[in-house]
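Enquirer:
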Amino acid sequence: MKQKKTGRNLNFWKWAFLLLLAINLSFTAVIASRLIQVREPNTGKISTGVQDKVKVGTFTTNKSQLNKTIALYLKQYQTKKMNYKIYAASSSILFEGSYQLLGYEVPLYIYFEPYRLTNGAVQLKVTSFSVGTLPLPEKDVLQYIKSSYKLPNFVDIKPKKSVININLQDLKNKEGIYLKATAIDLVNDNFSFDIFKKKP
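Residues in the sequence shown are numbered consecutively from 10, following our numbering.
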(Lines of atoms letter the chains of each structure in order from A; the text may use other names.)
(Lines give C-alpha, C1' and ligand atoms only; values in the text may rest on other atoms or scores of the structure.)
Protein backbone atom coordinates (compact mmCIF):
# COMPACT_ATOMS: atom_id res chain seq x y z
CA MET A 10 0.00 0.00 0.00
CA LYS A 11 2.78 2.46 0.87
CA GLN A 12 4.52 1.86 -2.47
CA LYS A 13 1.31 2.61 -4.37
CA LYS A 14 0.82 5.87 -2.47
CA THR A 15 4.42 6.91 -3.17
CA GLY A 16 3.93 6.17 -6.87
CA ARG A 17 0.74 8.24 -6.93
CA ASN A 18 2.48 11.10 -5.08
CA LEU A 19 5.37 11.06 -7.54
CA ASN A 20 2.94 10.99 -10.44
CA PHE A 21 0.98 13.92 -8.96
CA TRP A 22 4.15 16.01 -8.44
CA LYS A 23 5.32 15.18 -11.95
CA TRP A 24 2.07 16.45 -13.47
CA ALA A 25 2.03 19.48 -11.17
CA PHE A 26 5.57 20.34 -12.26
CA LEU A 27 4.69 19.95 -15.95
CA LEU A 28 1.59 22.12 -15.49
CA LEU A 29 3.62 24.82 -13.72
CA LEU A 30 6.28 24.66 -16.45
CA ALA A 31 3.61 25.04 -19.16
CA ILE A 32 2.11 28.06 -17.36
CA ASN A 33 5.56 29.69 -17.03
CA LEU A 34 6.40 29.08 -20.69
CA SER A 35 3.08 30.46 -21.92
CA PHE A 36 3.41 33.51 -19.63
CA THR A 37 6.94 34.15 -20.96
CA ALA A 38 5.73 33.76 -24.56
CA VAL A 39 2.88 36.25 -24.00
CA ILE A 40 5.21 38.82 -22.39
CA ALA A 41 7.81 38.40 -25.17
CA SER A 42 5.19 38.80 -27.89
CA ARG A 43 3.84 41.94 -26.19
CA LEU A 44 7.34 43.44 -25.94
CA ILE A 45 8.18 42.97 -29.62
CA GLN A 46 4.69 43.68 -30.95
CA VAL A 47 4.43 46.97 -32.83
CA ARG A 48 1.47 49.09 -31.82
CA GLU A 49 -0.92 50.17 -34.53
CA PRO A 50 -0.18 53.72 -35.66
CA ASN A 51 -2.42 56.52 -34.47
CA THR A 52 -4.75 57.20 -37.42
CA GLY A 53 -4.61 60.92 -36.72
CA LYS A 54 -0.82 60.97 -37.17
CA ILE A 55 -0.28 58.70 -40.15
CA SER A 56 2.79 59.78 -42.07
CA THR A 57 3.45 59.06 -45.73
CA GLY A 58 7.20 58.77 -45.09
CA VAL A 59 8.84 55.42 -44.36
CA GLN A 60 9.69 55.00 -40.67
CA ASP A 61 13.15 53.59 -40.03
CA LYS A 62 12.53 53.13 -36.31
CA VAL A 63 9.80 52.07 -33.92
CA LYS A 64 9.23 53.12 -30.32
CA VAL A 65 9.23 50.01 -28.13
CA GLY A 66 8.79 51.55 -24.70
CA THR A 67 9.67 54.12 -22.06
CA PHE A 68 11.56 53.78 -18.83
CA THR A 69 11.95 56.06 -15.84
CA THR A 70 14.74 55.90 -13.31
CA ASN A 71 16.27 57.79 -10.39
CA LYS A 72 19.77 59.06 -9.55
CA SER A 73 20.83 55.93 -7.69
CA GLN A 74 19.86 53.53 -10.49
CA LEU A 75 21.18 55.89 -13.17
CA ASN A 76 24.57 56.14 -11.44
CA LYS A 77 24.86 52.35 -11.18
CA THR A 78 24.02 51.99 -14.88
CA ILE A 79 26.54 54.66 -15.92
CA ALA A 80 29.30 53.13 -13.76
CA LEU A 81 28.65 49.67 -15.20
CA TYR A 82 28.61 50.95 -18.79
CA LEU A 83 31.81 53.01 -18.37
CA LYS A 84 33.84 50.07 -17.00
CA GLN A 85 34.87 49.15 -20.55
CA TYR A 86 36.26 52.66 -21.09
CA GLN A 87 38.58 52.73 -18.08
CA THR A 88 42.33 52.34 -18.61
CA LYS A 89 45.24 51.87 -16.22
CA LYS A 90 46.50 55.39 -16.91
CA MET A 91 43.16 57.14 -17.12
CA ASN A 92 40.06 56.29 -15.16
CA TYR A 93 37.14 58.50 -14.37
CA LYS A 94 33.63 58.65 -12.93
CA ILE A 95 30.51 60.45 -14.11
CA TYR A 96 27.49 60.54 -11.85
CA ALA A 97 24.39 62.52 -10.96
CA ALA A 98 24.77 64.42 -7.67
CA SER A 99 22.03 66.33 -5.85
CA SER A 100 22.03 69.38 -8.13
CA SER A 101 24.55 68.67 -10.90
CA ILE A 102 26.26 66.03 -13.01
CA LEU A 103 29.82 65.51 -11.79
CA PHE A 104 32.90 64.31 -13.68
CA GLU A 105 35.77 63.07 -11.49
CA GLY A 106 39.15 62.32 -13.01
CA SER A 107 42.69 63.61 -13.03
CA TYR A 108 44.81 66.02 -15.06
CA GLN A 109 48.38 65.02 -15.91
CA LEU A 110 50.79 67.94 -15.57
CA LEU A 111 54.59 67.52 -15.71
CA GLY A 112 54.27 63.91 -14.59
CA TYR A 113 51.99 64.76 -11.67
CA GLU A 114 48.36 63.77 -11.27
CA VAL A 115 46.14 66.69 -10.36
CA PRO A 116 42.56 65.94 -9.19
CA LEU A 117 39.98 67.10 -11.72
CA TYR A 118 36.34 67.86 -10.90
CA ILE A 119 33.88 69.29 -13.42
CA TYR A 120 30.30 70.22 -12.55
CA PHE A 121 27.66 70.24 -15.28
CA GLU A 122 24.05 71.31 -15.59
CA PRO A 123 22.12 68.82 -17.75
CA TYR A 124 19.64 69.78 -20.47
CA ARG A 125 17.44 67.69 -22.73
CA LEU A 126 17.80 68.58 -26.40
CA THR A 127 14.94 68.32 -28.90
CA ASN A 128 16.62 65.39 -30.71
CA GLY A 129 16.65 63.33 -27.49
CA ALA A 130 20.30 63.97 -26.66
CA VAL A 131 21.46 65.19 -23.25
CA GLN A 132 23.64 68.28 -23.12
CA LEU A 133 25.96 68.87 -20.16
CA LYS A 134 26.95 72.53 -19.74
CA VAL A 135 29.95 73.33 -17.55
CA THR A 136 28.97 75.36 -14.48
CA SER A 137 32.26 75.12 -12.57
CA PHE A 138 35.42 73.04 -12.34
CA SER A 139 38.48 72.47 -10.23
CA VAL A 140 41.94 71.32 -11.37
CA GLY A 141 43.81 71.46 -8.09
CA THR A 142 44.73 75.14 -7.76
CA LEU A 143 45.52 75.61 -11.46
CA PRO A 144 43.70 78.50 -13.16
CA LEU A 145 43.00 76.76 -16.48
CA PRO A 146 40.40 77.86 -19.06
CA GLU A 147 37.29 75.66 -19.43
CA LYS A 148 37.99 74.92 -23.08
CA ASP A 149 41.51 73.65 -22.29
CA VAL A 150 40.18 71.28 -19.64
CA LEU A 151 37.48 69.92 -21.98
CA GLN A 152 40.01 69.60 -24.82
CA TYR A 153 42.25 67.60 -22.46
CA ILE A 154 39.37 65.22 -21.63
CA LYS A 155 38.53 64.88 -25.33
CA SER A 156 42.09 63.98 -26.31
CA SER A 157 43.20 61.98 -23.25
CA TYR A 158 40.21 59.99 -21.99
CA LYS A 159 38.61 56.97 -23.63
CA LEU A 160 34.95 57.89 -24.10
CA PRO A 161 31.95 56.26 -25.85
CA ASN A 162 31.51 57.21 -29.54
CA PHE A 163 28.19 58.91 -28.88
CA VAL A 164 29.80 61.45 -26.50
CA ASP A 165 30.66 64.68 -28.32
CA ILE A 166 32.82 67.19 -26.43
CA LYS A 167 32.65 70.78 -27.69
CA PRO A 168 35.45 72.65 -25.85
CA LYS A 169 34.74 76.05 -27.43
CA LYS A 170 31.11 75.95 -26.27
CA SER A 171 31.94 74.44 -22.85
CA VAL A 172 29.44 71.62 -23.38
CA ILE A 173 29.36 67.86 -23.76
CA ASN A 174 26.58 66.34 -25.87
CA ILE A 175 25.58 62.78 -25.01
CA ASN A 176 23.91 61.64 -28.24
CA LEU A 177 21.87 58.71 -26.92
CA GLN A 178 20.11 58.51 -30.28
CA ASP A 179 23.47 57.50 -31.82
CA LEU A 180 23.96 54.57 -29.44
CA LYS A 181 25.10 51.56 -31.47
CA ASN A 182 24.54 47.90 -30.59
CA LYS A 183 23.68 44.61 -32.30
CA GLU A 184 20.01 44.91 -31.34
CA GLY A 185 19.63 48.34 -32.97
CA ILE A 186 18.20 49.81 -29.77
CA TYR A 187 18.80 53.41 -28.75
CA LEU A 188 17.37 56.00 -26.37
CA LYS A 189 15.96 59.51 -26.42
CA ALA A 190 15.78 61.55 -23.23
CA THR A 191 12.31 62.87 -22.40
CA ALA A 192 12.93 64.22 -18.86
CA ILE A 193 16.13 65.14 -17.01
CA ASP A 194 15.18 66.44 -13.55
CA LEU A 195 17.90 66.31 -10.88
CA VAL A 196 15.89 68.18 -8.24
CA ASN A 197 12.89 65.82 -8.38
CA ASP A 198 15.11 62.77 -9.02
CA ASN A 199 13.36 61.86 -12.26
CA PHE A 200 14.98 60.68 -15.51
CA SER A 201 12.83 59.38 -18.36
CA PHE A 202 13.85 57.91 -21.71
CA ASP A 203 11.99 56.61 -24.74
CA ILE A 204 13.36 53.34 -26.16
CA PHE A 205 13.54 52.95 -29.94
CA LYS A 206 14.47 50.05 -32.18
CA LYS A 207 15.85 50.55 -35.67
CA LYS A 208 14.04 48.60 -38.37
CA PRO A 209 16.27 46.13 -40.24
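Glycine residues also receive a C-beta, built at the ideal position from the N, C-alpha and C atoms.
Do residue 165 and residue 176 count as a contact pair if the criterion is CB distance below 8 Å?
Expert: Cβ distance < 8 Å, so residue 176 and residue 165 count as in contact.
Enquirer: Does the separation of the CB atoms of residue 71 and residue 198 fall below 8 Å?
Expert: Going by C-beta atoms, residue 71 is nearer than 8 Å to residue 198.
Enquirer: Measure the beta-carbon distance from residue 180 to residue 187 and round it to whole angstroms, keeping in mind my assumption that it falls under 8 Å.
Expert: At roughly 4 Å, the Cβ-Cβ gap stays under 8 Å, so residue 180 and residue 187 are in contact.
Enquirer: On a CA-only basis, which of 88, 203, 148, 192 is nearest residue 173? Give me that one, please.
Expert: Nearest C-alpha to residue 173: 148.
Enquirer: Ignoring anything shorter than 3 residues or poking outside the region 58–99, list the beta strand (DSSP E) runs there in chain order.
Expert: Those beta strand (DSSP E) runs which fall completely within the region 58–99 and span 3+ residues are 62–70, 94–97.
Enquirer: Under the DSSP definition of a beta bridge, which residues are partnered with residue 174?
Expert: Bridge partners of residue 174: 132, 165.
Enquirer: Given 8 Å as the limit, is there contact between the region 103–116 and the region 81–88, that is, 3 or more CB pairs closer than that?
Expert: Not touching, per the Cβ criterion.
Enquirer: In the DSSP assignment, find the beta strand (DSSP E) that holds residue 122 and state where it starts and stops.
Expert: Where residue 122 is concerned, the enclosing beta strand (DSSP E) stretches over 113–125.
Enquirer: Skipping 5 residues on each side, what residues in its chain have a beta carbon closer than 7 Å to that of residue 141?
Expert: Same-chain partners within the cutoff: 115, 116.
Enquirer: Would you mind sorting residue 189 into buried or exposed? The rule is 16 or more other CB atoms within 10 Å of its CB.
Expert: So residue 189 counts as buried.
Enquirer: Enumerate in chain order the residues of its own chain whose CB-to-CB distance from residue 102 is below 6 Å, with the five nearest sequence positions on each side excluded.
Expert: Here the set comprises 121, 123, 133.
Enquirer: So what's residue 137 in DSSP terms, helix, strand or just coil?
Expert: If DSSP states are grouped into helix, strand and coil, residue 137 belongs with the strands.
Enquirer: Going by DSSP in three states, residue 206 sits in which element: helix, strand or coil?
Expert: Strand at residue 206.
Enquirer: For residue 151, name the three-state secondary structure that DSSP assigns.
Expert: Helix, per DSSP.
Enquirer: Per DSSP, which one or two residues make a beta bridge with residue 103?
Expert: According to DSSP, residue 103 bridges with 96, 120.
Enquirer: Pull up the distance between the alpha-carbon of residue 139 and that of residue 146, whole angstroms please.
Expert: Roughly 11 Å between the two C-alpha positions.
Enquirer: Would you say residue 208 and residue 65 are within 8 Å of each other, going by their C-beta atoms?
Expert: The answer is no: Cβ separation not under 8 Å.
Enquirer: Out of 125, 109, 158, state which residue places its alpha-carbon closest to the alpha-carbon of residue 92.
Expert: Selected option, being the one with the closest Cα: 158.
Enquirer: Kindly indicate the opening and closing residues of the beta strand (DSSP E) around residue 179.
Expert: Looking at the DSSP string, residue 179 is not in any beta strand (DSSP E), and its letter there is neither H nor E.
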